[in-house]
Structures are given as C-alpha cells and as structure tokens.
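Please read the structure below before turning to the comments.
Numbering (the working numbering), first residue to last: 13 to 222.
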C-alpha cells in the first residue's frame, strides 16, 4: 500500500463538523481566498489526495509550508519515510521538484533555513542509511529550496532519529542549525563547516555511552 498525503479544505471541514451537506457548497462568509479551484478537483467528499509516494512507505506529518516559488503563496514540502522530499505548488498543487535518496529512510521532520545567497528558504534533511530496523549511519543534507539541488552534506557514524533545528540569524544566507549526532565525541571530534563558508564552525563535543 502506497503512502499518501490527504487534505481537506477549511470550508469542507467546517461543513463536516456542522453536519452540513457538501453538495452545492459555496464559499463561507468571512473565509479568505478562492474556493473554486479546490471544488474543481471533483472530490465530492471534500478530501483531496495531495501526494502519493511511489513506495509502500508512508508520509511524515506534518508537512512544511513555505513559499519556495516566490508567488506569495506557501507551498507544501512533503517528506516521505523512504527519504523522498517533494515540493507541491501551493496555488496549483502541482509538483515543483522531487528529490529521492535510494537506500535510506527518514523519520525526521524537515527544517527550513537560509543557507545560500538567494532569498528562498532551503531545507535541511536527516537520512538514515539502511532499512528498518537496521541502520548503519546517518547523514545530514541541505537542499536548495528552489531546485532541490544538494548544497551541503555531513555524514555521521551512528543512526539517529531526532529532527534538526534551524535558527534565524541577521547574517544573510547563514542561518544557524542544530542536530544530534553519534560517533563524533571526545578529543577526536570533527568540525562541522557551515555551508555558507567562512569561519562559522561548531565542534561536536557530546559524549554518549550506548
């Protein structure tokens, strides 16, 4: 069974809660935006399948809403357990780009941040190499928000499942990020170079005993 991401419009959700019919439904007074484009998808039950994965692995919730196309409408960034990342246009619901990483799986939420010299948010992703329940390593990636191109990667020796965090800074294109790693503790800890370059370097000094 393939994994899917489903959605329902606010007007249809309102009518379901109120026990009202969805037949001949009209825009709810006071609700902003157009309703006709959603109604034209032809789903009489009000539920729309936004994305269906090509594998039997499910979609990680919640998706991330970001304006990556620059049209003023937030797009939908979908992450799948099979490590696929897909961007859907928030206006048309059409696919903007998709990036897949064979041989890996992901349990983690995506983290947006500005990591290059453009004005579009980029996306930080955590991947675990292998398949459940056996993983042999983990890798952090940053994908260009406009194209899905890989901007930066950082491998670690142990698999971890926590989601990365990003912090906004005043330095353009160089937001900070935090993520948990295994296998880089003690005096031999390795440095993590920020994808924006320069001297912004943090060293992993966390000692773990498993």
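Positions of the beta carbon are idealized from the N, C-alpha and C atoms, including for glycine.
| Asked | Found |
| --- | --- |
| Just to confirm before moving on: does the CB-CB distance between residue 81 and residue 94 stay below 8 Å? | no |
| Give me the residue from 68, 135, 62, 90 with the minimum Cα distance to residue 104. | 62 |
| In angstroms, rounded to a whole number, what distance separates the CA positions of residue 167 and residue 31? | 51 Å |
| To the nearest angstrom, how far is the alpha carbon of residue 106 from that of residue 79? | 14 Å |
| Verify whether the separation of the beta carbon atoms of residue 71 and residue 155 is less than 8 Å. | no |
| Pull up the distance between the alpha-carbon of residue 192 and that of residue 87, whole angstroms please. | 28 Å |
| Considering only residues of the same chain and omitting the five flanking positions on each side of residue 171, which have a CB-CB separation below 6 Å? | 140, 147, 150 |
| Using CA coordinates, which residue listed in 164, 173, 137, 123 is at the minimum distance from residue 180? | 123 |
| Excluding sequence positions up to five away, which residues of its chain have a Cβ less than 6 Å from the Cβ of residue 16? | 61, 64 |
| Determine the extent of the alpha helix (DSSP H) in which residue 22 is found, giving its start and end residues. | 22-30 |
| Short check: CB of residue 137 to CB of residue 112, under 8 Å? | no |
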